[in-house]
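Let me begin by presenting the structure, written as structure tokens, before commenting on it.
Numbering (the working numbering), first residue to last: 92 to 245.
Below you can see the structure in the form of structure tokens.
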């Protein structure tokens, strides 16, 4: 079994009693760094990260699952990380997104809703000399190459 699969199972086991938490990604890097990205509908606390880390670390050591030394890092995805799961989109409804499409074009707008097929954003279209218009645009997940939450410092 690949280490990512084992770690995924361990994380899911640890958060099984916490329906507000979810796993985003597990990655074993070539330099021995094992990264676990988890999130929650209301965020992920440091205590949640510690609990996941201790659970995974304990079992990996008990099972002698890794032959080389490793560095275990548990965190939530940073603001610079693209959204990967439907649940992340749902969590960010109401926030502004930058969406890069598979055809190479980019768009920005306020995320209005997300379902298992697509997202809906409100784009602001401004033509010179005219009042800005807000247009709702539905974008299928298959057409999205990458989406990131835009951070406003206003």
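C-beta atoms are modelled at their ideal positions from N, C-alpha and C, and glycine is treated no differently.
- Take residue 194, set aside five residues on each side of it, and the residues of its chain with a beta-carbon closer than 8 Å to its own are 234, in chain order.
- Between residue 112 and residue 135, the CB-CB gap stays under 8 Å.
- Pairwise C-beta distances place the region 184 to 202 out of contact with the region 139 to 158, as fewer than three of them are shorter than 8 Å.
- Straight through space, the alpha carbons of residue 205 and residue 181 are spaced by roughly 6 Å.
- Taking 8 Å as the upper bound for CB-CB distance, residue 196 and residue 214 are not in contact here, some 12 Å apart.
- Under DSSP, residue 230 takes part in a beta bridge, and its partners are 210.
- Taking every protein chain shown into account, the CB of residue 132 has fewer than 16 other CB atoms within 10 angstroms, so this residue is exposed.
- Boundaries of the beta strand (DSSP E) around residue 130: 124 to 131.
- Taking C-beta atoms under 8 Å as the contact rule, residue 227 and residue 211 qualify, at a distance of about 6 Å.
- Close CB contacts of residue 239 within its chain, under the 6 Å cut and outside five residues either way in sequence, are with 173 and 189 (chain order).
- Here residue 241 is exposed: its Cβ has fewer than 16 other Cβ atoms, across all protein chains shown, within 10 Å.
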